[in-house]
């Protein structure tokens, strides 16, 4: 269940920011294809990438992982 939460939250945050997968991939210095595999759950997201995504979106890793519903970090 948490994997679905992570996937949907990543997609929602990206879409809310009006960003493409290509734009987010560029921030992470990776290909769009590689990033897409994170959003589809095909590949696990390394911890360092998860931290970078949380910082980029101004949220917490706990929110991304579904451990809290509070989107803004404390």
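In our numbering, the protein residues as written are 69 to 142.
No residue lacks a Cβ here, since even glycine has one placed at the ideal position from N, Cα and C.
No experiment lies behind these values; they were computed from the predicted model shown.
Nearest by alpha-carbon distance to residue i: which of the options is it?
{"i": "residue 104", "options": "90, 135, 84 and 77", "result": "90"}
{"i": "residue 86", "options": "98, 112, 74 and 125", "result": "125"}
Kindly give me the distance between the Cβ atoms of residue i and residue j, rounded to whole angstroms, as I take these residues to be in contact under 8 Å.
{"i": "residue 132", "j": "residue 118", "result": "6 Å"}
{"i": "residue 107", "j": "residue 79", "result": "6 Å"}
Along the chain, where does the alpha helix (DSSP H) that runs through residue i open and close?
{"i": "residue 90", "result": "89-95"}
{"i": "residue 104", "result": "100-107"}
Using a Cβ-Cβ cutoff of less than 6 Å, which residues in the same chain neighbour residue i once the five nearest sequence positions on both sides are dropped?
{"i": "residue 100", "result": "89, 90 and 93"}
{"i": "residue 73", "result": "134"}
Short of 7 Å in beta carbon distance, which residues of its chain neighbour residue i, apart from the five on each side in sequence? Order them along the chain.
{"i": "residue 96", "result": "103, 117 and 120"}
To which residues of the same chain is residue i closer than 8 Å at the C-beta, ignoring the five residues directly before and after it?
{"i": "residue 115", "result": "none"}
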